[in-house]
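Colleague: With this note's numbering, letter number 43 in the sequence shown gets 50, and the count goes up by one each step, no holes. The beta carbon of each residue, even a glycine, is placed where N, CA and C say it ideally should be. Just so it is clear, the structure is predicted and the values come from calculations on it, not from any experiment.
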Amino acid sequence: MNQQVNLVTLGVKDLKASRQFYSHGLGWTPLLDLDEIVFYQIGKGLALALFPLADLGADTGHPATAGTPFTLAQNLNSPTEVDEAVQRARTAGATVLKDPQRAAFGGYHGYFADLDGHRWEVCHNPGWSVANDGTVTLAAVDAPDAQD
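Now the structure itself:
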């Protein structure tokens, strides 16, 4: 089996509200927007789908619940971009779980939950880079001083 993920599907309570949050609130452009599902290109060979929670449960044959025990993350180019992204999410109706701040790993990050409780980390990790072929390089960075 190939070591890859091509699609992340989030079960949402209200597809119309979630579409509004991601498309208009966050400013994302749909890859394919249908009445019953919406897809966003989020990386090389990677898409995010929003699908009604009840339909996701029916599709898998098991009830689906809102919220997630994992975090989706987006690495941005600077702490300023992190601040702007968290503010944009807040304005769009997200619940900010952690205001942007220096992180123990040496970068800068904040967390928000979308309308269904899906948790997003928005960060600037100077040790993270992506090559033209999509290969990720992750290097340790110096942690901030306790005084900062």
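(1) Would you mind stating whether Leu63 and Ala54 have Cβ atoms separated by less than 8 Å?
(2) If you reduce the DSSP assignment to three classes, tell me which class His31 lands in.
(3) For the segment 75 to 84 against the segment 101 to 108, are there 3 or more C-beta pairs whose distance is under 8 Å?
(4) Kindly list the residues whose CB is nearer than 6 Å to the CB of Leu17, restricted to its own chain and excluding five residues on each side of it in sequence; keep chain order.
(5) Using DSSP's beta-bridge definition, name the partner residues of Asn82.
(6) I need the boundaries of the alpha helix (DSSP H) containing Ala54, first residue and last residue.
(7) Ignore the nearest five residues each way along the sequence and tell me which others in Trp35's own chain have a CB closer than 7 Å to its CB.
(8) The beta strand (DSSP E) spanning Lys105 covers which residue range?
(9) Could you tell me if Leu14 is buried or exposed, where buried requires 16 or more neighbouring beta carbons within 10 angstroms of its beta carbon?
(10) Would Leu122 count as contacting chain C if we go by Cβ distances under 8 Å?
(11) Going by alpha carbons, who is nearest to Tyr115 out of Glu88, Leu122, Arg95, Gln94?
(12) Measuring straight from C-alpha to C-alpha, what distance separates Cys130 and Leu122?
(13) Enumerate in chain order the residues of its own chain whose CB-to-CB distance from Ala92 is below 6 Å, with the five nearest sequence positions on each side excluded.
(14) Are the Cβ atoms of Ala33 and Arg95 separated by less than 8 Å?
(15) Can you name the residues that DSSP bridges to Gly117?
(16) Do you know how far the Cα of Lys20 is from the Cα of Thr67?
Modeller: Well, looking at it:
(1) no
(2) Residue state, collapsed to three classes: helix.
(3) no
(4) Leu57, His125
(5) Cys130
(6) Unbroken run through Ala54 is the beta strand (DSSP E), 53 to 59; no alpha helix (DSSP H).
(7) Tyr29, Tyr47
(8) 102 to 109
(9) Looking at its Cβ environment, which holds fewer than 16 other Cβ atoms inside 10 Å, Leu14 is exposed.
(10) Annotation note: the requested chain C is absent from the structure, which comprises a single protein chain.
(11) For the residues Glu88, Leu122, Arg95, Gln94, the minimum Cα distance to Tyr115 belongs to Glu88.
(12) 20 Å
(13) Val129
(14) Contrary to the premise, residue 33 reads as Leu rather than Ala in this sequence. Yes, the Cβ-Cβ distance between Leu33 and Arg95 is below 8 Å.
(15) Val129
(16) 16 Å
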